[in-house]
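Residue numbers (our numbering), protein chains in the order written: chain A, 211 to 415; chain B, 211 to 415. Using N, Cα and C, we set each Cβ at its ideal position, and we do this for glycine too. First up is the structure itself, then whatever we jot down about it.
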């Protein structure tokens with residue numbers, strides 16, 4: 211039976227822990243592949259081009275926008291972020307499941323292109339925790355942190371347009387929730403009705 | 211926060227293994243309680259009144275129908291089956307999750323009363339397997355088995371009105387699927403949006 215791949219989108223406010231969750235979820239769940247986003251933001255220590263992000267100049271990014279090569283792109287905190295379209299479409303067509311990790315607005319744009327995408331919104335256990343994570347990360351100025359933190363409140367309003375909400379408190383619990391969502395979505399009726407129809411054609415008596 | 215209980219309904223054709231799955235799922239998942247159905251069918255060896263079913267006479271069952279005490283009831287293979295309504299409603303109201311194991315038509319009736327109920331349709335890996343299970347159970351005449359088996363084909367048509375389809379091949383895999391569905395449903399946005407709203411009221415800076 212032909213199976214179309216599933217698109218799962220992991221999102222949530224800055225500092226909620228999307229990166230760590232993405233890495234661990236991909237390790238746990240071998241049947242889903244990650245798409246790498248492109249960005250114009252500066253590379254952080256330890257990040258690898260093509261693995262963590264595809265790091266592009268403003269000019270290169272702008273060119274790709276004009277060529278329609280992004281599934282979604284968004285300006286966030288002064289930097290562009292985008293999901294290269296061809297990779298995702300190829301994977302889904304060939305029946306492979308794809309994980310995207312994107313900013314809150316970007317995720318909602320993806321839903322416009324792929325209404326069947328599964329959108330997961332990650333929230334911190336408390337806002338105080340989110341603030342501590344933003345500051346503790348040490349990747350921006352105090353002002354950066356304040357801006358991201360203020361933005362987080364506005365982003366939380368979009369949770370009601372997502373399919374699932376997962377609290378990222380302890381990482382193993384978050385991964386368990388994501389694995390459950392992924393497995394449950396594989397069991398959805400729409401994905402298995404062909405199997406039922408096939409069973410009904412089986413003659414036994 | 212007030213939490214309304216979740217209603218999960220396990221169904222599928224006769225012989226697919228609903229009883230064994232129910233027992234094991236309840237053992238695995240401590241936060242969901244089972245409702246016991248009432249029936250007019252004869253007690254099978256080993257079955258306990260009030261645990262496996264509430265065994266009633268035709269007269270007693272008819273009286274309860276007239277008093278509106280069933281959430282759903284159905285005539286199946288010459289016997290009545292029904293779900294006593296008060297237990298389920300009380301559990302849900304007090305925030306406890308309830309598992310119902312009912313016949314295919316009965317499950318769809320429950321969905322009319324509780325549109326938010328989660329309906330799971332179990333299918334066998336092959337129809338040949340279903341036939342072997344029906345015969346191997348040794349609880350009916352050959353004619354009973356043939357009737358149930360023929361009914362199974364008709365019942366499979368209703369799978370497209372369910373939320374999930376789970377293949378009951380190896381029991382541990384089935385239980386894993388059901389646990390995932392249960393956990394994923396707990397993460398659905400509708401059930402967690404109050405938490406997001408609460409987070410947004412938290413002042414930190």
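Exercise for review: Verify the CB distance criterion: does residue 279 of chain A have a CB-CB separation below 8 Å to chain B?
Suggested key: Output row for residue 279 of chain A: interface = no.
Check your understanding: Quick one: which chain B residues come within Cβ less than 7 Å of residue 376 of chain A?
Key -> Listed along chain B are 397, each with a C-beta nearer than 7 Å to that of residue 376 of chain A.
Check your understanding: Taking 8 Å as the CB-CB limit, is residue 410 of chain A close to chain B?
Key -> Yes, its Cβ sits closer than 8 Å to a Cβ of chain B.
Check your understanding: Does DSSP put residue 359 of chain B in a helix, in a strand, or in coil?
Key -> Three-state result, residue 359 of chain B: helix.
Practice item. Please confirm whether residue 425 of chain A and residue 331 of chain A have their CB atoms less than 8 Å apart. Key: Residue 425 of chain A lies beyond the range of chain A shown here (211 to 415); nothing can be said about it.
Point to revise | Contacts of residue 369 of chain A in chain B (Cβ-Cβ under 7 Å) | key: Result: 399, 403, 406.
Check your understanding: Is residue 226 of chain B near residue 319 of chain B, with beta carbons less than 8 Å apart?
Key -> 8 Å or more divides the Cβ of residue 226 of chain B from the Cβ of residue 319 of chain B.
Point to revise | Three-pair Cβ contact test at 8 Å for the stretch 285–297 of chain B versus the stretch 246–253 of chain B | key: Between the stretch 285–297 of chain B and the stretch 246–253 of chain B there are three or more C-beta pairs closer than 8 Å, enough to call the two in contact.
Check your understanding: Taking buried to mean at least 16 other C-beta atoms within 10 Å of its own C-beta, is residue 287 of chain B buried or exposed?
Key -> Exposed is the call here.
Check your understanding: Is residue 372 of chain A helix, strand or coil when you go by DSSP?
Key -> Coil at residue 372 of chain A, not helix or strand.
Check your understanding: Which one or two residues does DSSP pair with residue 398 of chain B in a beta bridge?
Key -> Residue 398 of chain B is bridged by DSSP to A:374.
Check your understanding: Below 8 Å between beta carbons: does that hold for residue 223 of chain B and residue 394 of chain B?
Key -> Not in contact: residue 223 of chain B and residue 394 of chain B (Cβ atoms no closer than 8 Å).
Exercise for review: Work out the CA separation of residue 396 of chain A and residue 384 of chain B for me, nearest whole Å.
Suggested key: Answer to the nearest angstrom: the Cα atoms are 13 Å apart.
Point to revise | Residue range of the alpha helix (DSSP H) that includes residue 302 of chain A | key: For residue 302 of chain A, the enclosing alpha helix (DSSP H) covers residues 295–303.
Review point. What do you get for residue 212 of chain B, buried or exposed, if any count of 16 or more other CB atoms within 10 angstroms of its CB means buried?
Key: Result: exposed.
Review point. Taking 8 Å as the CB-CB cut-off, is residue 415 of chain A touching chain B?
Key: It does: the Cβ of residue 415 of chain A has a partner Cβ on chain B nearer than 8 Å.
**Study point:** Beta-carbon spacing of residue 409 of chain B, residue 333 of chain A below 8 Å
**Key:** With respect to the 8 Å criterion, residue 409 of chain B and residue 333 of chain A are classified as neighbours on the basis of their beta carbons.
Check your understanding: Looking at the unbroken beta strand (DSSP E) that takes in residue 242 of chain A, where does it start and where does it end?
Key -> Residue 242 of chain A -> beta strand (DSSP E) spans 242–244.
Check your understanding: Roughly how many angstroms lie between the CA atoms of residue 274 of chain A and residue 219 of chain A, to the nearest whole one?
Key -> Going from the Cα of residue 274 of chain A to the Cα of residue 219 of chain A covers about 22 Å.
Check your understanding: Among residues of its own chain, excluding the 5 on either side of residue 228 of chain B, which ones have a beta-carbon nearer than 8 Å to its beta-carbon?
Key -> For residue 228 of chain B, where only same-chain residues beyond five positions count, the Cβ hits under 8 Å are 220, 221, 222, 311, 332.
Practice item. Report the residue from A:368, A:349, A:407, A:329 whose alpha carbon sits nearest the alpha carbon of residue 365 of chain B. Key: Ranking the options by Cα distance to residue 365 of chain B, first place goes to A:407.
**Study point:** residue 308 of chain B - containing beta strand (DSSP E), residue span
**Key:** Residues 307–311.
**Study point:** First through last residue of the alpha helix (DSSP H) which encompasses residue 281 of chain B
**Key:** Taken as a continuous stretch (DSSP letters only), residue 281 of chain B belongs to no alpha helix (DSSP H), being part of the beta strand (DSSP E) at 280–286.
Practice item. Note down, in chain order, every chain A residue with its Cβ under 8 Å from the Cβ of residue 216 of chain B. Key: None at all; the shortest Cβ gap to chain A is about 13 Å.
Review point. Do residue 309 of chain A and residue 298 of chain A have their C-beta atoms within less than 8 Å of each other?
Key: No, these two residues do not count as a Cβ contact at 8 Å.
**Study point:** Which of helix, strand or coil DSSP assigns to residue 320 of chain A
**Key:** Per DSSP, reduced to three states, the secondary structure at residue 320 of chain A is helical.
Point to revise | 6 Å Cβ shell around residue 263 of chain B - same chain, five flanking residues per side excluded | key: Counting only Cβ-Cβ distances below 6 Å, and skipping sequence neighbours, we find 247, 249.
**Study point:** Residues bridged to residue 248 of chain A (per DSSP)
**Key:** A:264, A:292.
Review point. How many Å lie between residue 321 of chain A and residue 217 of chain A at the Cα?
Key: Our two residues, residue 321 of chain A and residue 217 of chain A, have alpha carbons roughly 10 Å apart in a direct line.
Review point. Should residue 260 of chain A be labelled buried (16 or more other beta-carbon atoms within 10 Å of its own) or exposed?
Key: By the neighbour-count criterion, in which a residue is buried when 16 or more other Cβ atoms sit within 10 angstroms of its Cβ, residue 260 of chain A is exposed.
Practice item. Run down chain A in chain order and give the residues with a C-beta less than 7 Å from the C-beta of residue 235 of chain B. Key: Under the 7 Å cutoff, chain A gives no residues; its nearest Cβ is about 14 Å from residue 235 of chain B.
Point to revise | Element boundaries [beta strand (DSSP E), containing residue 195 of chain A] | key: Absent from the model: residue 195 of chain A. The displayed extent of chain A is 211 to 415, so no value can be given.
Exercise for review: Determine the chain B residues that contact residue 332 of chain A at a beta-carbon separation under 7 Å, and present them in chain order.
Suggested key: Per Cβ cutoff of 7 Å: no residues; residue 332 of chain A is ~11 Å from chain B at best.
Practice item. Give a yes or no on whether the C-beta atoms belonging to residue 215 of chain A and residue 302 of chain A are separated by under 8 Å. Key: Yes; because the gap between Cβ atoms is below 8 Å, this pair is in contact.
Point to revise | Rounded Cβ spacing between residue 279 of chain A and residue 265 of chain A (contact assumed at less than 8 Å) | key: Not confirmed; about 16 Å, so no contact.
Check your understanding: Applying the criterion that 16 or more other CB atoms from any shown protein chain within 10 Å of the CB defines a buried residue, is residue 369 of chain A buried or exposed?
Key -> Burial call: buried.
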